[in-house]
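Report on one structure; see the data block that follows.
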């Protein structure tokens with residue numbers, strides 16, 4: 126039984142070596158993520174992503190990911206998240222949590238361990254939030270909530286470098302259909318709803334970050 130499984134793994138490894146494609150490389154990496162061959166499978170996967178020019182402006186080039194993964198300690202990739210001090214987001218944790226979820230999922234997609242650290246991760250996200258008052262000065266007394274705009278800047282740092290090797294920015298805002306909520310609620314209650322809906326928009330927008338398939 127053990128010998129048959131070993132032969133099966135070697136056959137699959139030979140297949141992704143000789144006919145590399147996204148699905149086979151990902152499947153091998155998932156199935157054998159704890160085996161010594163996982164590192165080679167990850168490199169093959171990155172080569173496929175490089176060849177197909179996978180990614181977008183919110184995602185670092187696969188070649189930089191390769192450098193980052195090779196420089197990590199074991200299978201750990203560190204990340205850090207900061208909410209700007211001058212941010213007026215009513216709920217900083219509501220912004221921080223979906224960013225952490227997305228970075229964790231992106232790193233774990235390559236069968237690596239995402240490790241949060243304060244301030245100096247290899248991948249860093251800095252977010253800020255502003256209130257979009259539009260033409261209103263906020264003193265009109267109508268009890269309506271204002272929209273919110275959230276911006277997230279991602280940066281990838283390689284070991285020994287003080288400047289990021291890559292940066293990308295993602296911006297999202299309150300859905301239009303809830304701007305100027307009904308007067309049936311207090312202004313505070315309205316703003317809480319806006320904040321909740323805006324964070325929901327952020328979660329959807331973050332799906333584009335570090336996306337390669």
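Numbering (the working numbering), first residue to last: 126 to 338.
Yeah, the Cβ is synthetic: ideal placement off N, Cα and C, and Gly gets one too.
Note that the coordinates shown come from a computational prediction; the quantities given were computed from them, not determined experimentally.
- In chain order, 206, 208 and 252 place their CB closer than 8 Å to the CB of residue 221, counting only its own chain and leaving out the 5 sequence neighbours on each side.
- Between the alpha carbons of residue 226 and residue 200 lies a distance of about 18 Å.
- Between the beta-carbon of residue 189 and that of residue 290 there is about 5 Å, and that keeps the pair under the 8 Å contact cut.
- Residue environment: residue 196 is assigned as exposed (fewer than 16 neighbouring CB atoms within 10 Å of its CB, all protein chains considered).
- Counting other Cβ atoms within 10 Å of its Cβ, residue 242 stays below 16 and is therefore classed as exposed.
- When secondary structure is reduced to three states using DSSP, residue 328 falls in the helix class.
- Spatial neighbours of residue 154 in its own chain (CB-CB distance under 8 Å, excluding positions within 5 residues in sequence) are listed in chain order as 163, 166, 167, 170, 235 and 236.
- Here residue 284 has 196 as same chain residues with Cβ atoms under 6 Å from its own Cβ, once five neighbours each way along the sequence are excluded.
- For residue 208, the enclosing beta strand (DSSP E) begins and ends at 201–208.
- The DSSP-derived three-state label of residue 288 is coil.
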